[in-house]
Structure formats: C-alpha cells, structure tokens
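Sequence positions in the sequence shown follow the working numbering and run 56 to 236. Virtual Cβ for every residue (Gly too), placed ideally from N, Cα, C. Let me begin by presenting the structure, written as structure tokens, before commenting on it.
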Amino acid sequence: MTDQPGWHGTTIVCVRKGGKVVIAGDGQVSAGPTILKGNARKVRALGIGSVIVGFAGSTADAFALFERLETKLERFPGQLARACVELAKDWRTDRALRRLDAMLIVADKDETLLLTGAGDVLEPEHQVIAVGSGGNYALAAARALYDYVDDPEVIARKAMEIAAQICVYTNGNLTVETLNG
C-alpha cells in the first residue's frame with residue numbers, strides 16, 4: 056500500500072477594522088511537494104452577499120459546508136452566530152458531516168467566527184484571525200500591521216504577501232471579499 060502525500064495549501068486571513076471586514080485567501084493547492092493548482096478560489100460571498108467565508112482544508116468538504124451554512128443562514132436570517140452554532144452542532148454530530156475536513160472563517164458586518172469540525176465556534180480575541188498552512192504567518196503579519204494601517208484590505212493583502220514569502224504552501228494569487236458595516 057502506498058502512502059498518499061499530504062494535501063496542503065491555503066492561507067486565509069480575516070481583518071475587521073473601521074466598520075469594514077475583509078477576508079483574503081491564496082489560491083494554492085498542493086499535494087506533497089507538488090503544486091496542483093495555483094488559482095483556487097477559497098473565499099466567497101454567501102447568499103445575498105451579506106456574509107463572507109473563507110476555508111482551509113478539503114475543497115469538496117468546504118463546499119458541502121458552504122451549502123449547509125447557506126441553509127442555516129436562510130433559516131436564521133441576520134443571526135450569524137446562531138446559524139454557525141447550528142452548523143457546528145450538525146458538523147459534530149452527523150456521521151457523514153463528522154468526516155468533513157475543513158475550517159471556516161465566517162464574517163458578516165458585525166461578527167467574525169471560526170468554525171471547526173470539533174464543534175468550535177470561536178470569536179477571535181483580536182480583530183484579526185487566520186487559518187491554514189500559512190495562517191500563523193498571516194496572523195502575525197496582520198496583527199503587527201493593525202495599529203499602523205487604517206484600511207483592513209491593505210492589512211489583509213500585505214499579510215498574505217508576507218505569508219506567501221514564508222510558507223511554501225501559500226501563493227500570492229489572492230481572492231479578496233469585503234463587507235462594509
């Protein structure tokens with residue numbers, strides 16, 4: 056039996072500042088030392104564009120979670136936290152969903168949340184959060200820039216640029232979604 060190489064790739068960062076929230080994600084998908092794709096789109100607006108989400112992990116799993124999250128948002132309009140908690144409960148307890156391998160950063164005009172398959176729905180302590188292979192690099196860069204740069208999109212883009220320079224599983228091909236409060 057041959058071991059499959061680990062799938063890597065994705066850096067997602069979310070910055071909230073001055074009534075604006077931005078999620079930026081890179082486009083790289085890698086299997087072991089091989090880049091499979093450089094322009095994957097891992098950040099999207101959901102529904103009517105009032106929620107933005109970025110994912111790290113399996114693409115198919117993330118899309119399944121996006122669909123479920125959209126359903127929860129329709130069921131609980133204007134209640135991002137409640138929709139995310141309901142998704143996290145399903146994700147943790149449903150046999151099929153339990154196997155999904157992804158992390159989501161979800162934001163609306165008021166809240167930013169991190170969702171995991173372990174049932175976590177976490178609000179970041181600071182106005183910046185990041186996940187993925189280069190997530191810690193992007194997080195450190197964004198937090199360092201936060202007090203010195205007013206525009207959260209500039210912070211997110213620069214943080215992603217720095218992460219791409221450090222993490223071999225992160226590239227500079229960005230998708231950026233923005234919401235104004």
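For residue i, the residue or residues it bridges with in DSSP
i	result
Gly-112	Ala-157
Cys-69	Ile-78 and Ile-184
Ala-162	Ile-107 and Thr-167
Val-176	Leu-170
Leu-101	Val-106
Span of the alpha helix (DSSP H), counted from its first residue to its last, around residue i
i	result
Gly-190	190 to 201
Leu-91	First-last for Leu-91: 89 to 92, but that is the beta strand (DSSP E), not the alpha helix (DSSP H).
Arg-212	207 to 221
Reference residue i, options the options, closest by Cα
i	options	result
Asp-163	Val-76, Lys-72 and Val-68	Val-76
Ala-95	Gly-189, Tyr-203 and Thr-114	Thr-114
Gln-134	Val-161, Asp-116 and Arg-147	Val-161
Ile-90	Val-223, Glu-129, Val-231 and Gly-236	Val-223
Glu-122	Leu-142, Val-204 and Gly-190	Leu-142
Thr-167	Thr-65, Ala-218, Thr-233 and Pro-88	Thr-233
Pro-179	Glu-216, Ala-157 and Asp-165	Asp-165
Arg-198	Ser-188, Ile-184 and Gly-189	Ile-184
Ala-138	Leu-169, Lys-97 and Ala-157	Leu-169
Residue interval of the beta strand (DSSP E) (run including residue i)
i	result
Glu-232	230 to 235
Arg-147	Arg-147 -> not in any beta strand (DSSP E); alpha helix (DSSP H) instead, spanning 135 to 148.
Gln-84	Inspection of the sequence shows that residue 84 is occupied by Val rather than by Gln. Looking at the DSSP string, the run of the beta strand (DSSP E) that includes Val-84 is 84 to 86.
The region 208 to 226 / the region 68 to 75 touching (three or more Cβ pairs under 8 Å): Touching, per the Cβ criterion.
Answer yes if the region 171 to 180 comes into contact with the region 79 to 94, meaning at least three C-beta pairs across the two stretches below 8 Å, and no otherwise. Segments in contact, no.
Taking contact to mean at least 3 C-beta pairs separated by less than 8 Å, is the region 101 to 121 in contact with the region 197 to 207? Flag = no, the region 101 to 121 and the region 197 to 207 do not touch.
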